Amino acid sequence: MREYPMTLEQFEKQFNTEEACRDYSFSIRWPNGFQCPRCGHAKAWPIGKVLFQCTSCHYRTSVIAGTIFQDTHKPLTMWFRATWWVTAQKNGASALGLQRILGLGSYRTAWTWLHKLRRAMVRPGRDKLSGYVEVDDAYIGGESEGKRGRGSENKILIVVAVEVTGKKIGRVRISRVPDVSGESLLKAIQESVEKGSSIPTDGWQGYNGLSKVGYTHEVTVAKRVKKSDLLPHVHLVISLLNRWLMGTHQGAVTDKHFEYYLDEYTFRFNRRASYYRGMLFYRLIQNAINVEPKTYDKIVNTEK
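Residue numbers (the numbering used here): 1 to 304.
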């Protein structure tokens with residue numbers, strides 16, 4: 001059996017029971033066999049159909065404890081269907097669409113599930129970008145050229161880093177920043193790009209410290225040339241991000257949870273070349289099992 005289904009038909013055959021979903025989750029969470037989350041012991045007794053009790057410290061746990069599925073009142077089969085549907089939507093997913101496809105009685109439930117899945121779209125300890133990486137900042141909702149200062153009120157400032165190989169765009173990283181100071185810009189870049197990489201930017205003074213912190217900094221400035229022509233790859237990504245937000249979410253993205261929409265866009269963009277949507281399903285389930293659970297109240301009342 002492949003590690004992920006290739007088609008919708010295969011998905012429906014593989015995950016049509018709770019036991020099948022639990023077994024799949026077990027194989028992802030403990031690929032080498034059970035490991036107690038408390039003491040690390042490798043043996044356990046099964047308690048009923050769901051629980052395991054460690055033979056060493058007697059701690060009881062389940063395969064979904066400590067994952068985004070923890071404390072759910074819905075079957076895992078429904079969560080798996082939600083995950084498949086979300087990853088199958090090439091241009092993004094909406095809570096209303098998820099509610100309709102699953103037949104959920106509450107929009108709030110669909111919204112919560114979708115935000116939980118968005119929180120699983122960033123793999124813990126993911127690799128940084130490297131090589132030749134174009135970087136620029138922009139105000140989402142502002143001008144496509146990334147206007148700074150005046151006119152930027154009530155808009156969201158981001159920093160976008162794009163790997164470039166030849167003329168092809170590779171992976172991207174998008175970070176929200178409070179301002180365009182050197183401190184904010186350098187911090188975002190250091191969290192996203194490996195040291196030693198070559199980073200072309202525009203002439204904004206906030207990028208001046210890149211060479212001092214281990215990067216090869218290239219300043220691209222030319223008179224009478226549009227900024228987007230100087231950094232074409234990163235500006236294409238910014239343009240596509242704006243289009244995605246307007247097309248999929250009609251611009252109705254709350255400021256408080258904006259980073260998670262950026263995570264969703266990044267997850268989809270970085271896997272745009274995946275031929276089988278099942279690969280995206282597998283990666284999202286894999287991440288969901290490694291991300292700590294969040295209740296609706298915590299999602300609503302806390303920021304990233």
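Beta carbons: idealized from backbone N, C-alpha and C, even for Gly.
Quantities reported herein were computed from a predicted structural model and do not represent experimental measurements.
Buried or exposed for residue i, please, with buried defined as at least 16 other CB atoms from any protein chain shown within 10 angstroms of its CB.
| i | result |
| --- | --- |
| residue 205 | exposed |
| residue 151 | Confidence is the limiting factor: at residue 151 the pLDDT is only 47, short of 50, which leaves the residue's position unreliable, though a coordinate-based value still follows. With fewer than 16 other Cβ atoms within 10 Å, it is exposed. |
| residue 8 | exposed |
| residue 118 | buried |
| residue 273 | exposed |
| residue 287 | buried |
| residue 42 | exposed |
| residue 335 | Not covered by the structure: residue 335. The range shown for the chain is 1 to 304. |
| residue 191 | exposed |
| residue 328 | Given that the chain is displayed from residue 1 to residue 304, the structure contains no residue 328 and the question cannot be resolved. |
| residue 183 | exposed |
| residue 86 | buried |
| residue 29 | buried |
| residue 111 | buried |
| residue 233 | buried |
| residue 193 | buried |
| residue 202 | buried |
| residue 76 | buried |
Spell out the partners DSSP gives residue i in its beta bridges.
| i | result |
| --- | --- |
| residue 83 | Partner(s): none; residue 83 has no beta bridge. |
| residue 55 | None, per the DSSP bridge assignment. |
| residue 44 | 54 |
| residue 193 | 129 |
Identify whether residue i lies in helix, strand or coil by the three-state DSSP scheme.
| i | result |
| --- | --- |
| residue 244 | helix |
| residue 60 | strand |
| residue 218 | strand |
| residue 295 | coil |
| residue 1 | Its pLDDT being 45, under 50, residue 1 is placed unreliably by the model, and the measurement read from it follows with that caveat. Coil. |
| residue 184 | helix |
| residue 232 | helix |
| residue 28 | helix |
| residue 16 | coil |
| residue 285 | helix |
| residue 211 | helix |
| residue 201 | strand |
| residue 68 | coil |
| residue 266 | helix |
| residue 271 | coil |
| residue 34 | coil |
| residue 10 | helix |
| residue 23 | helix |
| residue 278 | helix |
| residue 301 | helix |
| residue 206 | helix |
* With a floor of 3 residues, list each beta strand (DSSP E) that falls wholly inside the region 94–181, ordered by position along the chain. => 133–140, 156–165, 168–176
* Using 8 Å as the threshold, is the region 119–138 in touch with the region 158–178, meaning 3 or more CB pairs across them? -> yes
* To do: Please determine if the region 100–117 and the region 79–92 are in contact, where contact requires at least 3 C-beta pairs separated by less than 8 Å.
  => yes
* Asked: Are there three or more Cβ pairs, one per stretch, closer than 8 Å when the region 288–304 is compared with the region 107–126?
  -> yes
* To do: Count the C-beta pairs between the region 206–219 and the region 229–248 that are closer than 8 Å, then say yes if the count reaches three, no if not.
  => Taking a contact to require three or more Cβ pairs closer than 8 Å, the region 206–219 and the region 229–248 do not qualify as touching.
* Segment contact flag, the region 259–271 with the region 11–18, C-beta cutoff 8 Å, min 3 pairs -> Output reads no: the region 11–18 does not touch the region 259–271.
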